[in-house]
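To convert, note that position 46 of the sequence shown is 46 in the working numbering; the numbers rise steadily by one, no gaps.
Shown next, in structure tokens, is the structure this report addresses.
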Amino acid sequence: MDVAREAGVSPSTVSRILNGTAKVSDDKRQAVLAAIAQMNFAPNQMAQGLKKGRSMTIGIVVQDISSPFFDETLRGVDDGLKGTGYASVIVSGHWNAEEEADRIRLLLARKVDGIILLSGRMADETVLNFSSQRPIVSTGRALRTRSALGFKMDNEYGAYLAVRHLIELGHRQIAFISGPANNIDATDRLAGYQRALREAEIALDENLVVEGNYHESSGMLAMNRLFDTHQQFTAVFAANDLSAYGARLALYRKGIRVPDDISLVGFDDLPGSSYTTPPLTTIRQPLYDIGRIATQALLRIINGEAASGEVPPLELIVRETTRRVR
């Protein structure tokens with residue numbers, strides 16, 4: 001290894017210094033840093049990080065790496081890291097609290113300088129305990145300590161906006177395809193649906209609420225279950241865009257036109273929602289901004305600055321899947 005030869009040390013010593021695990025003399029460490037700088041082996045930021053005992057990596061825990069929801073957020077994280085000298089290590093928690101904790105322990109063992117936790121099932125107390133070892137920025141929860149920061153979107157308000165939009169178009173029989181009952185975002189969106197109905201003095205019909213799991217297939221199955229009940233409804237609010245895609249397919253297969261016969265609203269504003277047929281009315285979550293701002297906040301904490309950051313609010317995006325009741 002050229003760096004090892006130039007510094008007069010073994011390749012394993014260079015590797016351990018780069019990983020932040022070596023216990024070597026200052027002379028050897030300085031020799032390796034000088035060789036790195038001279039040979040352009042690593043960016044200047046990495047050499048600076050090594051001087052401070054940093055690995056110049058951050059860990060990212062996602063829940064489903066195949067989901068376009070997390071893909072858009074990771075794009076924001078990637079842009080937030082540009083020009084910083086930091087690289088990312090991505091692992092998946094699969095919506096399982098124990099697995100999320102195991103993945104964080106793995107990242108800590110790899111000496112990451114901080115962790116971004118995208119949603120998840122872990123209790124806030126567990127997240128705070130981990131933040132005593134490395135700074136953590138998390139989405140989907142409200143945290144603010146010296147070493148932990150959380151960004152929680154107002155899902156209740158977002159759902160309220162979606163259902164109020166339908167009510168303002170004259171709909172009074174509004175079905176709801178919810179998320180999983182054990183998901184806090186899903187329960188908040190159910191609460192927003194209920195609040196909008198309550199304010200409009202529309203009685204809640206439990207038969208019009210069908211639980212899904214945020215995937216396309218569950219949206220299609222939930223739509224079919226609504227048909228099986230023979231309940232009357234003129235609009236459907238799906239708790240996320242993927243569920244709305246599945247619901248749209250079920251409506252298409254029944255020969256039901258959107259929005260002529262049934263209006264449809266989603267939640268998230270995934271990139272593909274502009275290209276559905278017709279384009280989907282939805283609640284926009286600033287997914288890219290969340291990833292970018294969370295990354296910037298984490299880097300500030302790593303650098304000893306105060307934990308801070310604000311993300312844009314949710315907003316209704318009206319496209320072509322909703323119309324006024326005739």
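Built from N, CA and C at the ideal position, the CB exists for glycine as well.
Which two residues bound the contiguous alpha helix (DSSP H) that contains residue i?
{"i": "G219", "result": "216-229"}
{"i": "I65", "result": "Counting along the chain, I65 falls outside any alpha helix (DSSP H), and DSSP gives it neither H nor E."}
{"i": "I115", "result": "Not the alpha helix (DSSP H): I115 falls in the beta strand (DSSP E), residues 114-117."}
{"i": "L128", "result": "124-131"}
{"i": "E320", "result": "Taken as a continuous stretch (DSSP letters only), E320 belongs to no alpha helix (DSSP H), as it is neither H nor E."}
{"i": "I90", "result": "Per DSSP, I90 belongs to no alpha helix (DSSP H); it is in the beta strand (DSSP E), 87-92."}
{"i": "I104", "result": "97-109"}
So, helix, strand or coil for residue i, using DSSP?
{"i": "F176", "result": "strand"}
{"i": "R32", "result": "Contrary to the premise, residue 32 reads as Val rather than Arg in this sequence. Here V32 sits in helix by DSSP."}
{"i": "L339", "result": "An answer regarding residue 339 cannot be provided, because it is not within the stretch 1 to 326 covered by the chain."}
{"i": "E199", "result": "helix"}
{"i": "L287", "result": "helix"}
{"i": "D261", "result": "coil"}
{"i": "G304", "result": "coil"}
{"i": "L161", "result": "helix"}
{"i": "V24", "result": "coil"}
{"i": "I167", "result": "helix"}
{"i": "V9", "result": "coil"}
{"i": "L149", "result": "strand"}
{"i": "L299", "result": "helix"}
{"i": "G272", "result": "helix"}
{"i": "T282", "result": "strand"}
{"i": "G59", "result": "strand"}
{"i": "V325", "result": "coil"}
Quick one: give me the first and last residue of the beta strand (DSSP E) that residue i is part of.
{"i": "S243", "result": "First-last for S243: 241-253, but that is the alpha helix (DSSP H), not the beta strand (DSSP E)."}
{"i": "E310", "result": "Element bounds for E310: n/a, residue is neither H nor E."}
{"i": "V137", "result": "136-139"}
{"i": "E142", "result": "The sequence shown places Ala at residue 142, not Glu. Neither: A142 is in no beta strand (DSSP E) and is coded neither H nor E."}
{"i": "V210", "result": "209-211"}
{"i": "F237", "result": "235-238"}
With 16 other CB atoms within 10 Å as the buried threshold, where does residue i fall?
{"i": "A148", "result": "buried"}
{"i": "V91", "result": "buried"}
{"i": "G266", "result": "buried"}
{"i": "F227", "result": "exposed"}
{"i": "E156", "result": "buried"}
{"i": "L204", "result": "exposed"}
{"i": "P312", "result": "exposed"}
{"i": "A109", "result": "exposed"}
{"i": "S66", "result": "exposed"}
{"i": "R5", "result": "exposed"}
{"i": "Q362", "result": "The requested residue 362 does not occur in the structure, where the chain is confined to residues 1 to 326."}
{"i": "G76", "result": "buried"}
{"i": "G93", "result": "buried"}
{"i": "R54", "result": "buried"}
{"i": "V9", "result": "buried"}
{"i": "R198", "result": "exposed"}
{"i": "S178", "result": "buried"}
Original post:
Does the region 124-137 come within contact of the region 316-324, defined as at least 3 CB pairs closer than 8 Å?
Top reply: Two segments are said to touch when three or more pairs of C-beta atoms, one from each, lie closer than 8 Å; by this definition the region 124-137 does not touch the region 316-324.
Original post:
Would you call the region 240-256 and the region 264-282 in contact, with 3 or more CB pairs under 8 Å?
Top reply: As far as the Cβ criterion goes, the region 240-256 touches the region 264-282, which means the pair count is three or higher.
**OP:** Check whether the region 219-235 touches the region 186-194, taking contact to mean three or more Cβ pairs, one atom from each stretch, closer than 8 Å.
**Re:** Too few Cβ pairs lie closer than 8 Å, so no.
Original post:
How about the region 161-176 and the region 229-240: do they share at least three Cβ pairs that are nearer than 8 Å?
Top reply: Of all C-beta pairs linking the region 161-176 to the region 229-240, three or more are shorter than 8 Å, placing the two stretches in contact.
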